[in-house]
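**Q** Below you'll find the structure I mean.
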Ligand SMILES: Nc1ncnc2c1ncn2[C@@H]1O[C@H](COP(=O)(O)OP(=O)(O)O)[C@@H](O)[C@H]1O
Ligand SMILES: [Mg+2]
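Chains as they are written, first to last, in this note's numbering: chain A, 17 to 299; chain B, 3 to 348.
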């Protein structure tokens, strides 16, 4: 027999390179498969754009009504929040939205297949299909963010730009972490799907505005319970130079782009635990 | 021999699921929500067995016996509740990735291929995932294609394949990386006869020419008769029998049924070596017991009764299980009665 099974244990770097190679190949093939149905592809992208543009229109109406901005944010600052969140969300859809299809994958038995391959189950889950609608989200998000960057009257130092980039990725990870923890619940009871839609809804409803316009209690909830504030609001405060200067909140705000990473690491632990206790569908 | 000398070893392997029961009566729904009744169901019960390298073994049992659950523990999908399991010396749920490199598996009703992609692209992805060298990949594909005739349809997206075509592709996918142990959970269910035969030929070749170990679950006795030397029979999660098919038949009967129609009403029906399963005036169903064959019964019936029609049903696992039940119940009763029983009567 050939000796593939007896290969030496791979180094971590080697494994990462392997994963990246497989991910690239699968994504390209999945994307190509989606593009074969051209009508469907165009419609998915188009509706992605329409959907997010309606968010923008609502925001612009608000901003023209409230000329002085919202809460402690100037109008261009609100645009910054919207742009950051839409871009984070678009990237989230691109990378992680397959998590929401977990119950389906379990039902179809494709989840079992993931256990049978020498690749992380999480990675395989994310590669199960290409989410075309992310393209629209990302396009609108990037455009909005571009406008915001031009309109905001601050000096864009290299450090600020890097901070912005890290914050966008942090936002993506916050949403990814929340949905991953939810996926762990989904593994046990598919009914918890509703909770996922609800979290989605909350984040897109409240995520686009400065939380400072909301009552303190609600801000607290969006900081510590559903950590929406870390997606765009806190980092935007820092970029605009309106973050708290003293106390615990000044530290929390300043380091907010890292919250996503921490949450995500926690979520991965919970995920690993859930997989060990995976029940599989009967039959 | 140590555990690593066998392809598979299990000791007291057990899986218990905790399932929620509904309350009944007033406020049942609300009570179920806040105070669910959890009951534990033992689905695989102290399964102890071993499979040598290069063996083709059938894991046999009626629906719900625990076959799939056992396979899922052997493939690292489920963590056992207790007991031990070694696959090629590895503990599957502790070393899922290591185990995955060494095994292949097909779950008949489920797909592991990429739904939107042509089957061949799925195989190409699997090649990357398992890091199969190009030369091995080409040889394997040619090999699989020779028997399974995959090239006729492997450019079709998996979603458009027929069941038989899809499962053949799944099998190719499961063996592409040259695994030494392969698990097949009801691979031929729903296939037509021609494809079934093709599949069997393929499996035989994989065992004989490649030396793979194959564990196959099925409730199709014909399949077992054509393929496997050894049968593991489980029911209610317990191992009821471990031996050759011939031994199984001589111990419990073949499981076949003889259907007979008479030309005029027949009273008491007694045939040596047969159990009457059902009997009304004009028709009867009989099951051969012990060493009696269906042919013996047919002969006896023709010589004694006014027979107009006779049919022998293919061996059927559900009927075989019924016979196994009756016999094991008998065995237990005998043990209890006999004075030199090793059972503790207290
Ligand atoms: N995840 C699960 N949770 C609860 N019960 C299960 C689960 N999976 C299987 N079962 C039950 O365990 C029993 C055995 O199932 P299975 O191993 O699929 O049987 P088989 O493959 O022999 O038909 C069945 O009664 C089934 O309902
Ligand atoms: Mg089954």
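Every residue, glycine too, gets a C-beta built ideally from N, C-alpha and C.
By the criterion of Cβ-Cβ separation under 9 Å, what are the contact partners of residue 130 of chain B in chain A?
**A** Start at 1 with the first residue of the second chain, and residue 130 of chain B comes out as number 128. Within chain A, the residues near residue 130 of chain B are 34, 37, 38, 41 and 42.
**Q** Residues of the region 297-308 of chain B in Cβ contact with chain A at a cutoff of 8 Å, in chain order, please.
**A** Residues passing the 8 Å Cβ filter: none.
**Q** For the beta strand (DSSP E) containing residue 20 of chain B, name the first residue and the last one.
**A** Residue numbering aside, residue 20 of chain B sits at position 18 when the second chain is read from its first letter. First-last of the beta strand (DSSP E) with residue 20 of chain B: 10-23.
**Q** Mind checking whether the beta-carbon of residue 45 of chain B lies closer than 8 Å to any heavy atom of ligand 1?
**A** Numbered from 1 along the second chain, position 43 holds the residue referred to as residue 45 of chain B. Because some heavy atom of ligand 1 lies under 8 Å away, the Cβ of residue 45 of chain B counts as near it: yes.
**Q** Jot down the residue ranges of each uninterrupted alpha helix (DSSP H) in the region 159-208 of chain B, minimum 4 residues, whole runs only, in chain order.
**A** The qualifying runs are 165-177.
**Q** Any beta-carbon of chain A closer than 9 Å to the one on residue 19 of chain B?
**A** Position 17 of the second chain, counted from the start, is the residue given in the question as residue 19 of chain B. Interface residue, yes.
**Q** Could you give the DSSP three-state label for residue 265 of chain B: helix, strand or coil?
**A** Counting from one through the second chain, the residue named residue 265 of chain B turns up at place 263. The answer is coil: DSSP assigns residue 265 of chain B none of H, G, I, E or B.
**Q** Pull up the CB-CB distance for residue 269 of chain A and residue 250 of chain A, whole angstroms please, since I reckon it's below 8 Å.
**A** As a working note, residue 269 of chain A is residue 253 in the first chain. As a working note, residue 250 of chain A is residue 234 in the first chain. Confirmed, Cβ separation roughly 5 Å.
**Q** What is the residue span of the alpha helix (DSSP H) that residue 52 of chain A lies within?
**A** Along the first chain, read from residue 1 onward, the residue named residue 52 of chain A stands at position 36. Residue 52 of chain A -> alpha helix (DSSP H) spans 28-52.
**Q** In three-state DSSP terms, what is residue 276 of chain B?
**A** Translated into positions along the second chain, residue 276 of chain B becomes position 274. Reduced to three states, the DSSP call for residue 276 of chain B is strand.
**Q** If we ignore side chains and look at the alpha-carbon of each, how far apart do residue 74 of chain A and residue 226 of chain A end up?
**A** Your numbering for residue 74 of chain A matches position 58 in the first chain. Your numbering for residue 226 of chain A matches position 210 in the first chain. Roughly 15 Å between the two C-alpha positions.
**Q** How would you call residue 251 of chain B, buried or exposed, if buried means at least 16 neighbouring beta carbons within 10 angstroms?
**A** By 1-based counting over the second chain, the position of residue 251 of chain B is 249. It is buried - the Cβ of residue 251 of chain B has at least 16 other Cβ atoms within 10 Å.
**Q** What are the boundary residues of the alpha helix (DSSP H) that residue 112 of chain A is part of?
**A** Locating residue 112 of chain A in the first chain gives position 96, counting from the first residue. Residue 112 of chain A -> alpha helix (DSSP H) spans 91-112.
**Q** Using only alpha-carbon positions, find the residue among B/265, B/211, B/126 and B/298 that is nearest to residue 139 of chain B.
**A** Taking the second chain and counting its residues from 1, the one referred to as residue 139 of chain B is at position 137. Answer by Cα proximity: B/126.
**Q** Drop a sphere of 10 angstroms on the beta-carbon of residue 172 of chain A, count the other beta-carbons inside from all chains shown, and report buried for 16 or more, exposed for fewer.
**A** As a first step, residue 172 of chain A must be located in the first chain, where it is residue number 156. Exposed, because fewer than 16 other Cβ atoms sit within 10 Å of the Cβ of residue 172 of chain A.
**Q** Going by C-alpha distance, which of A/79, A/81 and A/133 is nearest residue 78 of chain B?
**A** For the purposes of this step, residue 78 of chain B is taken as the residue at position 76 of the second chain. Comparing Cα positions, the closest option is A/133.
**Q** Since residue 99 of chain B meets chain A, which of its residues come closer than 7 Å, beta carbon to beta carbon?
**A** Counted from its first residue, the second chain places residue 99 of chain B at position 97. Result: 134.
**Q** Identify, in the order they occur along the chain, each residue of the same chain with its Cβ nearer than 6 Å to the Cβ of residue 93 of chain A, setting aside the five sequence neighbours on each side.
**A** For the purposes of this step, residue 93 of chain A is taken as the residue at position 77 of the first chain. Result list for residue 93 of chain A: 256, in chain order.
**Q** Would you check if the distance between the CB atom of residue 215 of chain B and the CB atom of residue 53 of chain B is smaller than 9 Å?
**A** Translated into positions along the second chain, residue 215 of chain B becomes position 213. Translated into positions along the second chain, residue 53 of chain B becomes position 51. Taking 9 Å as the Cβ cut-off, residue 215 of chain B and residue 53 of chain B qualify as a contacting pair.
**Q** Please determine if the region 163-183 of chain B and the region 127-134 of chain B are in contact, where contact requires at least 3 C-beta pairs separated by less than 8 Å.
**A** Because the criterion of three Cβ pairs below 8 Å is met, the region 163-183 of chain B and the region 127-134 of chain B touch.
**Q** Under 7 Å between beta-carbons, which chain A residues line up against residue 24 of chain B? List them in chain order, please.
**A** In the second chain, the residue the question calls residue 24 of chain B occupies position 22. Here the premise fails: no neighbours, minimum Cβ distance about 15 Å.
**Q** Mind the definition here: the region 258-278 of chain A touches the region 184-203 of chain A only if three or more C-beta pairs lie below 8 Å; say whether that holds.
**A** As far as the Cβ criterion goes, the region 258-278 of chain A touches the region 184-203 of chain A, which means the pair count is three or higher.
**Q** DSSP state of residue 149 of chain A, grouped into three classes?
**A** Within the first chain, residue 149 of chain A is the residue found at index 133, counting from 1. Note: residue 149 of chain A maps to helix in three-state DSSP.
**Q** Please say whether residue 267 of chain A and residue 89 of chain A have beta carbons closer to each other than 9 Å?
**A** Position 73 of the first chain, counted from the start, is the residue given in the question as residue 89 of chain A. Position 251 of the first chain, counted from the start, is the residue given in the question as residue 267 of chain A. No, Cβ-Cβ distance for residue 89 of chain A and residue 267 of chain A is not below 9 Å.
**Q** To the nearest whole angstrom, what separates the beta carbons of residue 108 of chain B and residue 169 of chain B, a pair I think is in contact under 8 Å?
**A** Mapped onto the second chain, residue 108 of chain B falls at position 106. Mapped onto the second chain, residue 169 of chain B falls at position 167. Rounded, the Cβ-Cβ distance is 7 Å, consistent with contact.
**Q** Is there at least one non-hydrogen atom of ligand 1 closer than 8 Å to the beta-carbon of residue 70 of chain B?
**A** Reading the second chain from its first residue, position 68 is the one you call residue 70 of chain B. Answer for residue 70 of chain B: yes, Cβ within range of ligand 1.
**Q** Going by DSSP, which residues form a beta bridge with residue 215 of chain A?
**A** Counting from one through the first chain, the residue named residue 215 of chain A turns up at place 199. For residue 215 of chain A, which the question treats as bridged, DSSP gives no partner whatsoever.
**Q** Does any CB atom of chain B fall closer than 9 Å to the CB of residue 49 of chain A?
**A** Residue mapping note: residue 49 of chain A aligns to position 33 of the first chain, counting from 1. With 9 Å as the cut-off, residue 49 of chain A counts as an interface residue toward chain B.
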